[in-house]
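Here is the structure we will look at, set down as structure tokens.
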Amino acid sequence: MMLEKNLFASESRRPITCIIADGVLSFAGDFSEEKGIPLIYFSTISACSFWAYLRIPELIEAGEISVKGIGMDQIEKSVPGMEGFLRYRDLPSFCRVNNINDPKLHTVNSETSQTTRAQAVILNTFEDIEGPIVSHIRKHIPRLFTIGPNHSHLKSRLAEKTAENSVLSASFWAEDRSCLDWFNAQPPKSVIYVSFGSITVVSREQLLEFWHGLVNSGQRFLWVMRPDSIVGEGGQSQIPKELEESTKARGYMVGWAPQEEVLNHEAVGGFLTHCGWNSTLESIVAGVPMICWPYFADQTTNSRFVSEVWKIGLDMKDTCDREIIEKVVREIMEERKEEFLERAENMAILARKAVREGGSSYCNLDALIDYIKTMII
């Protein structure tokens, strides 16, 4: 096994204190038990989604998994803390099956259940936003460390040492920074930023619905369109020229953008997002309201919390209609603009506080480090 070969390549190395592994790598649990090495799982998804995954056995037993799209708007009752507002359609997308014995559903269940055998679990979240859900998880995983938002926490720690606010990027794509110059010419809070992350793909029909919805809303927009983001086509070159030409006055397109800088630019007033957890946290820290169009996995749960629990955005999952897109863009950018901006800024204050000295995530990271030190032989 390559993992074993690399870890034990030299007898002169210090003993391994612990293994920190992605929360869906169950083989790491097998390996740690075999070698007697403590294991800490790091789950990269939201606490609300993680908790929903942990409750899959109860959801199956209660018949609260949507089979063949039936009953999508029914309210689930088997995930404590989410009763009353989480619909079947808001469960992680792996819970949408044609058969209750769907292998993907049971693989996700198996992988997630493995986390309970770890000595500890790390979550990229903070107590002020997901504390009630975290409390439910701690009944099953007592040693749970919430240390997020990680991207903001890292910068906060680095700033302590360097007295600089570093700009860090872990992008898979080359960033087109020309959009920042375009932003500088736009009024404050006037631009909606559109990006569906590094994985989401859309059909040509969906592309046109989004395009017409944005154009008809009358709002300025920056749209990130990856070269591989259109199903079966070549990407940006496939956008109809007449649409591209007709929106140059208030629209701007790039293949990839420096997202943190974009979200923190004063010109940005909203974010049309796939609601991946990293993007969601980046938007929260920046105080930018969201329009959520989730693609898969945890995103469907995140979007419900954005709209119904935290109330810092709107959820338009399972639809891609130009009239609806126009409506929600206007709602975020015009009709309820001040309401959403105020709530988003209040949430941003809590997120920034969590990663400063004395904040919940700051203290939890220190506690995690101290806990790992107790393992040193």
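If you're matching positions, the sequence shown starts at 24 in our numbering and goes up one per residue. Note that CB positions come from ideal geometry on N, CA and C, so glycine has one too. Here the structure is a predicted model, which means the values were calculated and not measured.
Could you name the residues that DSSP lists as bridge partners for residue i?
| i | result |
| --- | --- |
| residue 294 | 216 and 313 |
| residue 276 | 246 |
| residue 223 | DSSP lists no partner for residue 223. |
| residue 167 | 144 |
| residue 66 | 146 |
| residue 42 | 62 |
| residue 337 | 314 |
Indicate whether residue i and residue j have their beta-carbon atoms separated by less than 7 Å.
| i | j | result |
| --- | --- | --- |
| residue 141 | residue 48 | no |
| residue 299 | residue 199 | no |
| residue 163 | residue 139 | yes |
| residue 171 | residue 207 | no |
| residue 311 | residue 286 | yes |
| residue 202 | residue 230 | no |
So residue i and residue j are in contact, right, with Cβ under 8 Å, and what is the actual spacing, rounded?
| i | j | result |
| --- | --- | --- |
| residue 296 | residue 315 | 6 Å |
| residue 66 | residue 46 | 4 Å |
| residue 115 | residue 75 | 6 Å |
| residue 41 | residue 60 | 6 Å |
| residue 345 | residue 236 | 4 Å |
| residue 149 | residue 377 | 4 Å |
| residue 71 | residue 156 | 5 Å |
| residue 327 | residue 109 | 6 Å |
| residue 111 | residue 223 | No, residue 111 and residue 223 are not in contact; Cβ-Cβ is about 22 Å, not under 8 Å. |
| residue 293 | residue 355 | 4 Å |
Evaluate residue i with the Cβ neighbour count: other Cβ atoms within 10 Å of its Cβ, from every protein chain shown; 16 or more gives buried, anything less gives exposed.
| i | result |
| --- | --- |
| residue 113 | buried |
| residue 396 | exposed |
| residue 387 | buried |
| residue 338 | buried |
| residue 340 | buried |
| residue 210 | exposed |
| residue 89 | buried |
| residue 370 | buried |
| residue 153 | buried |
| residue 282 | buried |
| residue 119 | buried |
For residue i, decide whether its Cβ has a neighbour in chain D, counting only Cβ atoms nearer than 7 Å.
| i | result |
| --- | --- |
| residue 174 | Looking for chain D here will not work: only one protein chain is present. |
- request: Take every Cβ of the segment 164-176, pair it with every Cβ of the segment 375-387, and state whether three or more of those distances are shorter than 8 Å.
  value: yes
- request: Determine contact between the segment 306-325 and the segment 243-252, defined as no fewer than three beta-carbon pairs at a distance below 8 Å.
  value: no
- request: Take every Cβ of the segment 124-136, pair it with every Cβ of the segment 64-79, and state whether three or more of those distances are shorter than 8 Å.
  value: yes
message: Taking contact to mean 3 or more Cβ pairs, one atom from each stretch, closer than 8 Å, check whether the segment 207-217 and the segment 229-244 are in contact.
response: yes
task: For the segment 359-370 and the segment 87-104, state whether three or more C-beta atom pairs, one from each stretch, are separated by less than 8 Å.
output: no
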